[in-house]
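A short worksheet on the structure shown next.
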Amino acid sequence: MKIDHYKNIELEKITDPKTKGVTKRVLISPKDGAPNFTMRMFHVETGGYTFHHSHDFEHEVFITEGKGLVISENGSTPVEKGFSVLIEPGEIHQIKNTGETELTFLCLIPNQK
């Protein structure tokens, strides 16, 4: 079992040039003994965004703070604290912070084997 506070985990800057103002913490991963899933926490500064991308696996997002848009091929959907999002395999997506404060979200992905 691993129990920790998120602030104790290293904050990593996302350096991809297609991303603006995004950092993340890897809260739980195979390094912690998790056999199936990795849990990450992303922080997106005001006006920041992740890049348009897709994966060959599903992942789940839970908005913990702030307001933003989830952008897909089907358009943009406003989200805020308390919203959950299922991103299906192959679905192109992006998350933008449209609020006045930091947007934070949890993102769960299957471990890559």
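Just so we're aligned, residue 0 is where the sequence shown starts under numbering that gives the first Met the number 0, counting upward by one. The beta-carbon is built from N, C-alpha and C at its ideal position, and this holds for glycine as well. Everything numeric in this text was worked out from a predicted model, so none of it was measured.
Look at the Cβ atom of residue i, then the Cβ atom of residue j, and state whether they are nearer than 9 angstroms.
i: T45; j: E99; result: yes
i: S83; j: E59; result: yes
i: I91; j: S53; result: yes
i: T63; j: L105; result: yes
By the DSSP assignment, the beta strand (DSSP E) with residue i in it spans what residues?
i: S71; result: K66 to S71
i: Y5; result: Note, Y5: premise wrong, no beta strand (DSSP E); not H, not E.
i: I86; result: S83 to I86
i: K23; result: K19 to I27
i: P34; result: Unbroken run through P34: none, as it is neither H nor E.
i: T14; result: T14 -> no beta strand (DSSP E), and no H or E assigned at all.
Just how far apart, CA to CA, sit residue i and residue j?
i: N7; j: I27; result: 12 angstroms
i: K19; j: K12; result: 10 angstroms
i: Q93; j: K17; result: 11 angstroms
i: R39; j: I108; result: 8 angstroms
i: G32; j: V25; result: 13 angstroms
i: G74; j: N110; result: 29 angstroms
i: G81; j: F36; result: 21 angstroms
i: E57; j: I86; result: 6 angstroms
i: K112; j: L10; result: 24 angstroms
i: E72; j: G65; result: 23 angstroms
Use the C-beta contact count for residue i: other C-beta atoms within 10 angstroms, 16 or more gives buried, fewer gives exposed.
i: K30; result: exposed
i: K23; result: buried
i: H42; result: buried
i: G89; result: exposed
Am I right that residue i and residue j are in contact with their C-beta atoms under 8 angstroms? What's the rounded C-beta distance?
i: T97; j: L68; result: 6 angstroms
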